[in-house]
Every structure is written in structure tokens, then in C-alpha cells.
Amino acid sequence: FIVHELPAGVSGLVIAGLFAASMSSLDTSLNSMATAITADFYQSLRPQATDRSALRLARWLTVLLGIFGTLTAIYLARANTQSIWDQFLKIMGLFGGGLAGMFIAGIFTRRTTQTGVLLGFSLSAFVLYQVQLRGTVHFFLYGAIGILTCALSGWLFSLLLPQSRKQIEGLTIYTLKPPGSGEADLKQSDSAD
């Protein structure tokens, strides 16, 4: 429509606007991923790392993630897929359900451990890969299968492979304090002084 129906100058502006909007979304995503990896993994594993080295890593990660995204786009363009949206949902179902399952296991259980939930995530990805290969379940259900598999198996692995207890006060639904209870404790301690 843009190429055939709009005048030459207007169609060029519309296409340039589409490219600008796409680039804006992509650079935000790349920056967010590089920042998350640098801050959450690199700086926590190497607390003595300088800001300069963290910035250098973030820049390289942005380049590598951009290359990975480009290669993924080329693969999706050449693959025999009828709909990129359906393919996106399949990929997100493969890992998104497991991520949500990790969150649910961590929030709604008291005994979930890091090792248990990572094993649960791995099992969830394996189960979903097998489900995708067999094609017996509609891909809209991949997320639900991933959530249930990861949350339940992560919890069971945590029971079978116990670790030392960490401070989880306020991190699970069972350890949350009612709203305002912290302020009441402060007021009581101030009035006691």
C-alpha cells in the first residue's frame, strides 16, 4: 500500500518513520539486555570490576546480541514458516513458561532453592522441546506446560536437593508483612524510647 498508493515523497517518509520506530525499539532492547547481563551477572560475579570494564563488556554484548538478532532474523526469513508471529510464540513458549515457572516457584513456596529451580527450568525446556517435536499440543499451551513443569519440578528438586536456608523474609507470599505493619513497629519503638 505504502509503495503503490502514496506519492513518492510521502511513501519515503512513511518508510523512514517505520525504520526509525523499529530502530528505536531494537536499540532499547539491546541496551536493556546488555545492561541486565552486565549488572546482574558480571558485576555480581566480579564485584571488584571497574566501571570501565563493565562498560566495555556492555558494548561488546550489545554488538554480539545485535549479531545474534540479525542471524535469528535471517534464519526466520529463510525458514519455511507461515507466520513469524506463530514462530515467536513457539520460541517464547519454550523459555517464557519456564521463566514464569521459576518466578511462581520462588514466590509461592518457602523451600524452593536455586539449584532446584534451575533444574526445573532445564526440565521444563526439555519437556517443551519434546512437545514441540511431537506436535501433539497446540503451541498456545506451551506457556502453561512450561509454567507447571518448571514450578512443580523445581519445587520437587528443591525438596530432594536441600540447600542451606537463605533469608527470604518479604520475598515469598508467606513471609510478606501486612501493609503498614513496618510503620507500626517503628512508631511503637519510637514511643518506647
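Quick note on numbering: the numbering used here labels position 104 of the sequence shown as 90, and the sequence is numbered without any gaps. C-beta atoms are modelled at their ideal positions from N, C-alpha and C, and glycine is treated no differently.
DSSP places A65 in the coil class of the three-state scheme, outside both helix and strand.
A distance below 8 Å separates the beta carbons of G106 and G87. Of all alpha-carbon atoms in A35, I53, L134 and Q100, the one lying nearest the alpha-carbon of L146 is that of Q100. 8 Å or more divides the Cβ of R64 from the Cβ of T158. Taking the Cα positions, L57 is about 47 Å away from K163.
Membership of R120 in the alpha helix (DSSP H) is indicated by the continuous run Q100 to R120.
In this model, K76 and V117 are separated by some 11 Å (Cα to Cα). Within the same chain, D72, L75, K76, G79 and Q118 come within 8 Å of F125 by CB-CB distance, once the 5 residues on both sides are set aside.
When only Cα atoms are considered, A25 and V49 end up about 17 Å apart. Contact between the region -8 to 4 and the region 25 to 45 is absent: fewer than 3 CB-CB pairs across the two stretches fall below 8 Å. Taking the CA atoms as reference points, S39 sits about 13 Å from T21. In the structure shown, A35 adopts coil according to DSSP, grouped into three states.
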